[in-house]
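Position in the sequence shown (from 1) plus 771 gives the number in our numbering.
Think of the CB as a built atom: it goes at the ideal place given N, C-alpha and C, for glycine as much as any other residue.
To start, the structure itself, in structure tokens.
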Amino acid sequence: MKLFLKGFRCDTPKCGIERRSNPPGQQQNRRGKLTDYGIHLREKQKVKHYYGVLERQFRGYFQKAVSSKGNTGDSLLAFLERRLDNIVYRMGFGASRSAARQLVNHGHVTVNGRRCDIPSKLVNIGDVIRVKNRAKSLDLVRGVMAEHSHDVPDFLSVSAGDIPEGIVSRLPVAEDASLPIQTQLIVELCSR
């Protein structure tokens, strides 16, 4: 399944999934049917790779989702969607989630007027995410925005003026995730 880890390269003919019909490696034989555990694990790994989260962080988000009100799977996806690197990517400031993470790490993004270099920071309603007013930062983001058009989800509002900025108008919900995810499988696996 395409996880769009390479950004917009997955839309081009160079995408590795469409070029090969067999898995990489010398042995081309597929094993039998996946077990139930394998199906659950693959779903969890898909979400971890999609958002660029390691196991310990994922467990922390899962514990927050368990302690919050409502459906655990939907809360987990909402926490993952609220990450600053994901928000920067969804606003179109980065070509991929890893590029957006690097933008945040290198200090090219401010949250509510303050420099924030923590990609795992959870944003809240009304937070203003703005590109720093430096030539290098502006050139990076404007280049990505000009090259790639992004569909901005409805929980974000983006203005691409002199300094690109966006506002979180509401908290994201599970339906805002752009990847088809079966959250029930993840909850069953992590609740063991």
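Handout entry: Contacting residues, own chain, Cβ-Cβ under 6 Å from R854 (five flanking each side not counted)
Key = S891
Practice task
Starting from the C-beta of V764, find all residues in its chain whose C-beta is less than 7 Å away, skip the five residues before and the five after it, and write them out in chain order.
Solution key: As displayed, the chain neither begins before 772 nor continues past 963, which places residue 764 out of reach and without an answer.
Exercise for the section: In the DSSP assignment, find the unbroken alpha helix (DSSP H) run with I934 in it and report its ends. Expected result: From DSSP, I934 is part of no alpha helix (DSSP H); its letter is neither H nor E.
Handout entry: Inter-stretch contact at 8 Å, needing at least 3 Cβ pairs: the region 863 to 875 / the region 836 to 850
Key = no
Handout entry: Spatial neighbours of R886 in its chain, beta-carbon cut-off 7 Å, leaving aside the 5 residues before and after
Key = G878
Exercise for the section: Counting only the same chain and skipping the five closest in sequence on each side, list residues whose C-beta sits under 7 Å from that of L956. Expected result: I810, H811, E814
Problem - Alpha-carbon to alpha-carbon, G897 and Q816 - result: Their Cα atoms are separated by approximately 31 Å.
Exercise for the section: Going by DSSP, name the residue or residues bridged to T806. Expected result: None, per the DSSP bridge assignment.
Handout entry: Sub-8 Å separation of L950 and G937 beta-carbons
Key = no
Practice task
Would you list the one or two residues that DSSP bridges to L960?
Solution key: The partner list for L960 (beta bridge, DSSP) is empty, contrary to what the question assumes.
Practice task
Identify every run of the alpha helix (DSSP H) within the region 854 to 919, keeping only runs that are complete inside it and at least 4 residues long; order them along the chain.
Solution key: Listed in chain order, the complete alpha helix (DSSP H) runs (minimum 4 residues) inside the region 854 to 919 are 855 to 862, 868 to 876, 906 to 918.
Handout entry: Helix, strand or coil at L927 according to DSSP, with G and I counted as helix
Key = strand
Exercise for the section: May I ask which residues mark the beginning and end of the alpha helix (DSSP H) holding G844? Expected result: 843 to 852
Practice task
Kindly give me the distance between the Cβ atoms of G844 and V944, rounded to whole angstroms, as I take these residues to be in contact under 8 Å.
Solution key: So it is not a contact: roughly 11 Å between Cβ atoms.
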